[in-house]
Amino acid sequence: QRCTAHGLEPTAALHNNVLGAMSRSSPPEVVISWIRRMAESGVRLDALACNMQLKAYLAMGDQAKAMSLLSAMMNTTDDALPKPDVVSFNTVITYLAHAAKPSQAEAVLTTMLDGASCTADVHSFTAVINAFAEIGLYVATLVTVGQAAYELWPSHPKLAGWMIVFCGISFI
Numbered sequence: 031q032r033c034t035a036h037g038l039e040p041t042a043a044l045h046n047n048v049l050g051a052m053s054r055s056s057p058p059e060v061v062i063s064w065i066r067r068m069a070e071s072g073v074r075l076d077a078l079a080c081n082m083q084l085k086a087y088l089a090m091g092d093q094a095k096a097m098s099l100l101s102a103m104m105n106t107t108d109d110a111l112p113k114p115d116v117v118s119f120n121t122v123i124t125y126l127a128h129a130a131k132p133s134q135a136e137a138v139l140t141t142m143l144d145g146a147s148c149t150a151d152v153h154s155f156t157a158v159i160n161a162f163a164e165i166g167l168y169v170a171t172l173v174t175v176g177q178a179a180y181e182l183w184p185s186h187p188k189l190a191g192w193m194i195v196f197c198g199i200s201f202i
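In this text, residue positions in the sequence shown follow our numbering: the first is 31, and each later residue adds one.
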């Protein structure tokens, strides 16, 4: 409303500038409130806004809302929401890893690998690997290391085996 009063068209870029500042200095509830205002003003949420919304939900400890948003982004058929990008998935994976929920982090990673609109990166795998290692599930850690090597460097299949061997030795 204030944009229009000053002759400015409310755009995603304009709103995202404010959203970026809020996400650095305001409580997550304020970020969610601003995103709601963005939608109410007719601005289509882009990946940046949705990723900040995911981060805000997780900062509030609301994993259910974050998972629901990620799922909605993955299943959108109209242009109501953007498809998730690597940042969307990594935001959720990292939260789950830090919350000592490695199996859930691995499930999100698997969903990402099984047909998401983006490709897992080193951060995606590292968060899951660290989560399993932190709670002492070394076999699961080694499996994820092998999967990471295979997914990230498919033209070097022996690399996965060697990575598993070296990681296994480090656990001894």
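By construction, the Cβ of each residue, glycine as well, lies at the ideal position given by its N, Cα and C atoms. Values in this document were obtained by computation on a predicted structure and should not be read as measured data.
- By the criterion of a C-beta distance shorter than 6 Å, D76 is surrounded in its chain by A42 and P112, once the five residues flanking it on both sides are discounted.
- Counting the other Cβ atoms within 10 Å of the Cβ of V48 gives fewer than 16, which makes it exposed.
- When secondary structure is reduced to three states using DSSP, T121 falls in the helix class.
- T121 is classed as buried because its beta carbon has at least 16 other beta carbons within 10 Å across all chains shown.
- Comparing C-alpha distances from A102 to each of P114, V61, W64 and S154 shows the shortest one belongs to P114.
- With fewer than 16 other CB atoms across the displayed protein chains lying within 10 angstroms of its CB, N105 is exposed.
- Residue nearest to L78 within the set G145, A130 and F119 is F119 (criterion: CA-CA distance).
- Its chain contains A96, L99, L100, S118, T121 and V122 as the residues whose beta carbon lies nearer than 8 Å to that of L84, once the 5 sequence neighbours on both sides are disregarded; these appear in chain order.
- Just measuring C-alpha positions, the residue of V61, S154, G50 and A129 sitting nearest V138 is S154.
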